[in-house]
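One rule links them: number in the numbering used here = place in the sequence shown (from 1) + 99.
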Amino acid sequence: MTWDDAFKIVSSVLVSIGGGAAILFGLSSWLGKIWAEKILNSDRDRYQRQIETLKSELSSDVERLKSELALKLEISKRFSEKQFHLYNDLWSSLCDLKIAGDSLWERANKLNAKKFAEQLKKTEDQIFRSSLLIENWHYEKLKELIDRFSKFQFGKTRLIDLRNRSTDQVEPQDIEFTMALLHES
Numbered sequence: 100m101t102w103d104d105a106f107k108i109v110s111s112v113l114v115s116i117g118g119g120a121a122i123l124f125g126l127s128s129w130l131g132k133i134w135a136e137k138i139l140n141s142d143r144d145r146y147q148r149q150i151e152t153l154k155s156e157l158s159s160d161v162e163r164l165k166s167e168l169a170l171k172l173e174i175s176k177r178f179s180e181k182q183f184h185l186y187n188d189l190w191s192s193l194c195d196l197k198i199a200g201d202s203l204w205e206r207a208n209k210l211n212a213k214k215f216a217e218q219l220k221k222t223e224d225q226i227f228r229s230s231l232l233i234e235n236w237h238y239e240k241l242k243e244l245i246d247r248f249s250k251f252q253f254g255k256t257r258l259i260d261l262r263n264r265s266t267d268q269v270e271p272q273d274i275e276f277t278m279a280l281l282h283e284s
């Protein structure tokens, strides 16, 4: 055996081992790609199912929120409509009270005082019954207004009473008190 023969044998062995390694490497690479593709497809399918589930849940939540919003909008519309009618009725009652007050101011007599007192009571009752739907600060202002009208009524009633007394029954402090009440209202 010569060196040439030994070299040929060694190179044949190396080529045959290298060729097998190349074949083995090629097969393992091909098998790895197939497995990787299967894993990738499996993951993609799983994520797609999760996305579809999340989309479905989100769509369901959106529909529920739309429904809740529509209900709240309807309630708000009804409240606003009731409130509008209520404010309109209150305005009408306050106008009637103003008219009665103007009549009492122009002519202080028992009939006008009675009409004013009746309208004042109606308006006060209506404000109380409406307190649930009117704004709090409107309610407070209306209570102040009714209080001022009550003082006006009391002052005018007192003035009518003083006018109906004879001059010897009227005390100076009664006149001063009545004038202060009228001035305040």
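We treat Cβ as the ideally placed atom computed from N, Cα and C, and that holds for glycine.
Using a 10 Å radius around the Cβ and a threshold of 16 neighbouring Cβ atoms, would you call Gln147 buried or exposed? By 1-based counting over the sequence shown, the position of residue 147 is 48. By the neighbour-count rule (16 or more Cβ atoms within 10 Å), Gln147 is not buried but exposed.
Buried versus exposed, by CB contacts within 10 Å (16 or more), Ser141: What you label residue 141 is simply residue 42 of the sequence shown in a count that begins at 1. Under this definition Ser141 is an exposed residue.
DSSP on Leu232, reduced to helix/strand/coil? Indexing the sequence shown from 1 puts residue 232 at position 133. The answer is coil: DSSP assigns Leu232 none of H, G, I, E or B.
Determine the direct distance from the alpha carbon of Arg177 to that of Leu244, and round the result to whole angstroms. As a working mapping, residue 244 is identified with position 145 in the sequence shown. As a working mapping, residue 177 is identified with position 78 in the sequence shown. Whole-angstrom Cα-Cα distance: 28 Å.
So, are the CB atoms of Thr222 and Leu185 less than 8 Å apart? Position 123 of the sequence shown, counted from the first residue, corresponds to residue 222. Position 86 of the sequence shown, counted from the first residue, corresponds to residue 185. Their beta carbons are not under 8 Å apart, which means Thr222 does not touch Leu185 by this criterion.
Could you check what DSSP says for Leu261 in three-state terms: helix, strand or coil? The count along the sequence shown starts at 1 and reaches residue 261 at position 162. For Leu261, the predicted structure reports a pLDDT of 48, less than 50, and the residue's modelled location is therefore unreliable. The matter cannot be settled from this model.
Are there 16 or more other CB atoms within 10 angstroms of the CB of Gly131, so buried, or fewer, so exposed? Taking the sequence shown and counting its residues from 1, the one referred to as residue 131 is at position 32. The residue in question, Gly131, is exposed, as its Cβ has fewer than 16 Cβ neighbours within 10 Å.
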